[in-house]
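Chains as they are written, first to last, in numbering that gives the first Met the number 0: chain L, 0 to 352; chain A, 0 to 352.
2 protein chains.
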Amino acid sequence: MATIYDVARLARVSTTTVSKVLSNTPYVSAKTRQRVLDAMRDLQYSPNLAARGLTNNHTYVLGLIIPHDPDYSFRDPFLLEVIRGVEGVASSNDYNVLLSMSKKSSQRAAYDRFLRMGYIDGVITVETLKGELDEQELAASSIPRVSAGYREDLQLLNSVFCDDRQGGYLATKHLLELGHQRIGVISGPVNFIGAVAGRLQGTYDALTEYGLMLDPDLLTYGDFSIESGSYAAEPLLQHAQRPTAIFVMNDRMALGAISKAREVGLHVPKDLSIVGFDDIPLTSVIDPPLTTIRQFPAELGKVATQHLFALINHEFPHFTSVVLPIELVVRGSTAAPVYEDQTGKHLLSPTNS
Amino acid sequence: MATIYDVARLARVSTTTVSKVLSNTPYVSAKTRQRVLDAMRDLQYSPNLAARGLTNNHTYVLGLIIPHDPDYSFRDPFLLEVIRGVEGVASSNDYNVLLSMSKKSSQRAAYDRFLRMGYIDGVITVETLKGELDEQELAASSIPRVSAGYREDLQLLNSVFCDDRQGGYLATKHLLELGHQRIGVISGPVNFIGAVAGRLQGTYDALTEYGLMLDPDLLTYGDFSIESGSYAAEPLLQHAQRPTAIFVMNDRMALGAISKAREVGLHVPKDLSIVGFDDIPLTSVIDPPLTTIRQFPAELGKVATQHLFALINHEFPHFTSVVLPIELVVRGSTAAPVYEDQTGKHLLSPTNS
DNA sequence: CTGAAAGCGCTTACAG
DNA sequence: CTGAAAGCGCTTACAG
């Protein structure tokens, strides 16, 4: 493999000069520059990043840490999109991305290596559950960092996340506008990063706007898996005054809830409306197609990476966050409620009963 | 950040000695070794990979090239699993993985950089469509390589792939055993790597075993998207002698086919059995849950990486491939056929009519 | 068992 | 506009 010496020799200049054309320094004569360029082409030269990293103290590589738990594979489609977003921006800035999926506990060594070796210029972390990352380690490493999808205001962490509150708000408001008054919520686990609290707040806000309150009986918790959606739906559907609609905090649990509804003989959306969250693939083609809140994971990765570059280049002060928009996607799993009176007759609205 | 000099000074030895304990050379006295170890701990020393790479000429990083086309996101869940498999093995061997999703055409520069910079010790490529990778470039770079999921015997490429033929065989045999005799096939695109031809061959083999042939009218093509599954199903369902079962070469198209069947008033599996391929998430919870051929993408990534390490360490001759097993997962989308006579009466089997 | 020294391929003041 | 030389942090013959 050709080195900078080979290029210098062929172009009859010093390595200093080669290095200068490499870095686009203006003070090189056009003639010399061309000779160097020709030599580089002829030799198929491309600089050795390790050597460059050694002098430069920067490596042209970004770390992407995703403490991925196979058990929480619910985020799979989401994650690949995030990765795509990160890789796209990195690569168009001539950066490479180094991937680490180790979890703090299981692979401490790999984690340390990753952070301490002067091997990466910055890091993007994607957390899902609290405590998956070793924050101390990260903070100690003084490597520029932005967190994608995680929000922890108190830590003054650079982060990019979607507007969870607005998502919860839009989902609930959609149900309210359809005429639902008795609305249940299937929440994600409480230790789940950021998202859950925000979405719940949005729900409260929407209900308040309509002069309603969330019945504590109608709030249950799952762990984002399909099965947990099914379990969490059970008490709601068994409730003496069962809700006519449920806001479920992710699509997978929403699927679980729908199958539970089917199991107990309820038709979605006729008897029960369901709104999900995420807009993962396939949910648009199932029966009924799912009404949901769409997130933009590729955008999340993209913006986080741009943010990281800005940080690396000291383009703005530390500790900023950006909130990404979400949107409501109305499909077939929501409809206006139908209330039955004791005789089983359908009435148009609860006020008629 | 502490360097090897700092450690040497603190332990009162030379850097040579530090380097030796680092590489576990036996010829270091126990006492000295301990002093060095203590110093490393106190200083939180971890070696600079760039410097090491410069002398060593190996970098402890693996390249993972996935020419990912957003349009073919059907492979998403599959891909993340592959990545997980690769990362797991790499990290437990103290290797990092560098990710490139650039396509040959769009990001030539990034691609070159990735391969030529003396920056990776080996590369795993994940192809989906022919021509996505620049084979010449890869061959020229003389970097050890294994291909995950791609099979091209003529090139004598190191590769790891799943047993597509066996998959096609098992899927078709399952239908035959249920009593189906008129079986359609929805194939993937012809330029799709390896998989398609193998799966089709498996179908032929199974049919032959039962003394049957594939009616050319009953073979249609999709591009692996949901929509294409729907389109490709249409001519089959409209056929004067429509098939009682269809083997669809991936789960997403299978979903499309099911929705098309529903559209034309056919019930799955009563009127039409469907077998998919992949076993992607969610298809087990839809209605009906999909009978399919399960692949093990994490295993694919894992085995490919182990293979790559063996190659890097010259543990076996180049040009070997390994075939991964698949398995049939029987769920609700397949059932014994029901033949109707002209009067619409259901008969038990075609031989009764 | 231990260490002095050269060298890996680059960049960066510095001098001209 | 151009180049000689030191230095980045490691490893590896080689000598002792």
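Virtual Cβ for every residue (Gly too), placed ideally from N, Cα, C.
Being a predicted model, the structure only gives us computed values, none of them experimental.
Requested in this report: Using a Cβ-Cβ cut-off of 9 Å, state whether ILE279(L) counts as contacting chain A.
Outcome: Counted from its first residue, the first sequence places residue 279(L) at position 280. Yes, contact with chain A.
Query raised in the report: Does SER332(L) have its Cβ less than 9 Å from a Cβ in chain A?
Result: Position 333 of the first sequence, counted from the start, is the residue given in the question as residue 332(L). By this cut-off, SER332(L) is not an interface position.
Query raised in the report: Taking ARG8(L) as the reference, which of ASN23(L), PRO25(L) and MET39(L) has the closest Cα?
Result: If you number the first sequence from 1, residue 8(L) lands on position 9. The candidate whose alpha carbon is nearest that of ARG8(L) is MET39(L).
Report task. Check the Cβ-Cβ distances between TYR149(L) and every residue of chain A, and say whether any is below 9 Å. Result -> As a working note, residue 149(L) is residue 150 in the first sequence. Not an interface residue.
Query raised in the report: Between GLU208(L) and LEU289(L), what straight-line distance do the alpha-carbon atoms span, to the nearest angstrom?
Result: As a first step, residue 208(L) is located in the first sequence; it is residue number 209 there, counting from the start. As a first step, residue 289(L) is located in the first sequence; it is residue number 290 there, counting from the start. Approximately 25 Å, taken between the alpha carbons.
Query - Supposed close pair GLY52(L), ALA49(A) - CB separation, criterion 8 Å - result: As a working note, residue 52(L) is residue 53 in the first sequence. As a working note, residue 49(A) is residue 50 in the second sequence. Confirmed, Cβ separation roughly 4 Å.
Query raised in the report: Any idea if THR58(L) is buried or exposed, counting beta-carbon neighbours within 10 angstroms, 16 or more meaning buried?
Result: Here the question's residue 58(L) lines up with position 59 in the first sequence. So THR58(L) ends up on the buried side.
Query raised in the report: Does the Cβ-Cβ distance between TYR94(L) and ASN95(A) come in under 9 Å?
Result: In the first sequence, counting from the first residue as 1, residue 94(L) sits at position 95. In the second sequence, counting from the first residue as 1, residue 95(A) sits at position 96. Contact flag unset, no.
Requested in this report: Note down, in chain order, every chain A residue with its Cβ under 9 Å from the Cβ of LEU254(L).
Outcome: By 1-based counting over the first sequence, the position of residue 254(L) is 255. LEU281, VAL284 and ILE285, listed in chain order.
Report task. Compare the C-alpha of GLU80(L) against each of VAL322(L), ILE325(L) and GLY300(L) and name the closest. Result -> For the purposes of this step, residue 80(L) is taken as the residue at position 81 of the first sequence. Minimum Cα distance to GLU80(L) is reached at GLY300(L).
Query - Whole-number beta carbon distance between ILE64(L) and THR124(L), since they are thought to touch under 8 Å - result: Taking the first residue of the first sequence as position 1, residue 124(L) is located at position 125. Taking the first residue of the first sequence as position 1, residue 64(L) is located at position 65. So it is a contact: roughly 5 Å between Cβ atoms.
Query raised in the report: Hey, does THR58(L) have any beta-carbon neighbour from chain A nearer than 9 Å?
Result: The residue labelled residue 58(L) in the question sits at position 59 within the first sequence. Chain A contact via Cβ: present.
**Report entry** Runs of beta strand (DSSP E) lying entirely within the stretch 259 to 334 of chain L, each at least 3 residues, in chain order
**Finding:** 272 to 277, 290 to 293, 320 to 323 and 326 to 328
Query raised in the report: If you follow the beta strand (DSSP E) that THR219(A) is part of, which residue opens it and which one closes it?
Result: Working through the second sequence from its first residue, we reach residue 219(A) at position 220. Per DSSP, THR219(A) belongs to the beta strand (DSSP E) from 218 to 220.
Query raised in the report: Leaving out five residues before and five after ARG11(L) in sequence, what residues of the same chain have Cβ atoms less than 8 Å from its Cβ?
Result: Taking the first sequence and counting its residues from 1, the one referred to as residue 11(L) is at position 12. Within the same chain, ARG11(L) has close Cβ partners ARG34.
Query raised in the report: Should LYS30(L) be labelled buried (16 or more other beta-carbon atoms within 10 Å of its own) or exposed?
Result: To locate residue 30(L), count along the first sequence from 1; it is residue 31. Exposed, since its Cβ has fewer than 16 Cβ neighbours within 10 Å.
Query raised in the report: Would a C-beta distance cut-off of 9 Å place LEU97(A) and GLY62(A) closer than the cut-off?
Result: Residue mapping note: residue 97(A) aligns to position 98 of the second sequence, counting from 1. Residue mapping note: residue 62(A) aligns to position 63 of the second sequence, counting from 1. A contact, by the Cβ cut-off of 9 Å.
Query raised in the report: Residues in its own chain within less than 6 Å of VAL60(L) by CB, not counting five upstream and five downstream?
Result: Mapped onto the first sequence, residue 60(L) falls at position 61. ASN95, LEU97 and ILE119, listed in sequence order.
**Report entry** Buried or exposed (CB count within 10 angstroms, at least 16 for buried), TYR168(L)
**Finding:** Start at 1 with the first residue of the first sequence, and residue 168(L) comes out as number 169. Counting Cβ neighbours within 10 Å, TYR168(L) comes out buried, since at least 16 surround it.
Report task. For THR319(L), I'd like the list of residues in its chain whose CB is within less than 8 Å of its CB, leaving aside the five on either flank, ordered along the chain. Result -> Against the first sequence, residue 319(L) aligns to sequence position 320. If we look at THR319(L) and ignore the five residues flanking it on each side, its Cβ neighbours are ASN157 and HIS306.
Query raised in the report: Within this structure, are the beta carbons of LEU175(A) and LEU218(A) separated by less than 9 Å?
Result: Here residue 175(A) refers to the residue found at position 176 when the second sequence is read from its first residue. Here residue 218(A) refers to the residue found at position 219 when the second sequence is read from its first residue. The answer is no: Cβ separation not under 9 Å.
Query raised in the report: Are the stretch 242 to 256 of chain A and the stretch 276 to 285 of chain A touching, with three or more C-beta to C-beta distances below 8 Å?
Result: yes
Query - Under 7 Å from the C-beta of GLU86(A): neighbouring residues of chain L - result: Here residue 86(A) corresponds to residue number 87 of the second sequence, with the count starting at 1. Neighbours of GLU86(A) on chain L, chain order: LEU98 and MET100.
Query - ILE142(L) in three-state terms, based on DSSP - result: As a working note, residue 142(L) is residue 143 in the first sequence. Coil, per DSSP.
Query raised in the report: Roughly how far, in whole angstroms, is the beta-carbon of ILE225(L) from the beta-carbon of LEU254(L), given that I think they are within contact range, below 8 Å?
Result: Residue numbering aside, residue 225(L) sits at position 226 when the first sequence is read from its first letter. Residue numbering aside, residue 254(L) sits at position 255 when the first sequence is read from its first letter. Rounded, the Cβ-Cβ distance is 5 Å, consistent with contact.
**Report entry** Which of helix, strand or coil DSSP assigns to GLY187(L)
**Finding:** Numbered from its first residue, the first sequence carries residue 187(L) at position 188. Note: GLY187(L) maps to coil in three-state DSSP.
**Report entry** Contact check, HIS173(L) vs THR54(L), beta carbons under 9 Å
**Finding:** Along the first sequence, one-based indexing puts residue 173(L) at 174. Along the first sequence, one-based indexing puts residue 54(L) at 55. No, Cβ-Cβ distance for HIS173(L) and THR54(L) is not below 9 Å.
Query raised in the report: Should GLN294(A) be labelled buried (16 or more other beta-carbon atoms within 10 Å of its own) or exposed?
Result: Taking the first residue of the second sequence as position 1, residue 294(A) is located at position 295. When all chains shown are included, GLN294(A) counts as buried.
Report task. Report buried or exposed for PRO143(A), applying the criterion of at least 16 other Cβ atoms within 10 angstroms of its Cβ. Result -> Here residue 143(A) corresponds to residue number 144 of the second sequence, with the count starting at 1. PRO143(A) comes out buried.
Query - Under 7 Å by beta carbon: chain L residues contacting ILE225(A) - result: For this step, residue 225(A) is matched to residue 226 along the second sequence. Correct list: VAL284.
Query raised in the report: Can you tell me whether ALA239(L) is buried or exposed, with buried defined as 16 or more other CB within 10 angstroms of its CB?
Result: Sequence index remark: in the first sequence, residue 239(L) carries index 240 (1-based). That one is exposed.
Report task. Excluding the 5 residues preceding and the 5 following GLY331(A) in the sequence, name in chain order all residues of the same chain whose CB lies nearer than 6 Å to its CB. Result -> The residue given as residue 331(A) occupies position 332 in the second sequence. Same-chain partners within the cutoff: PRO287 and PRO288.
Query raised in the report: So VAL321(A) and VAL159(A) are in contact, right, with Cβ under 8 Å, and what is the actual spacing, rounded?
Result: As a position in the second sequence, residue 321(A) is number 322, starting the count at 1. As a position in the second sequence, residue 159(A) is number 160, starting the count at 1. Between VAL159(A) and VAL321(A) the Cβ distance is about 5 Å, and since that is below 8 Å, they are a contact.
Query raised in the report: Near SER13(A), what residues of its chain come up, given a Cβ to Cβ distance below 8 Å and the 5 sequence neighbours on each side ignored?
Result: Within the second sequence, numbered from 1, the residue matching residue 13(A) stands at position 14. Excluding sequence neighbours, SER13(A) sits near ALA7.
Requested in this report: Compare the C-beta of ARG251(L) with all C-beta atoms of chain A and state if any pair is closer than 9 Å.
Outcome: In the first sequence, counting from the first residue as 1, residue 251(L) sits at position 252. True, the Cβ-Cβ gap to chain A drops below 9 Å.
Query raised in the report: Comparing the C-beta of ARG40(L) with each C-beta of chain A, is any distance below 9 Å?
Result: Translated into the one-based positions of the first sequence, residue 40(L) becomes position 41. Output row for ARG40(L): interface = no.
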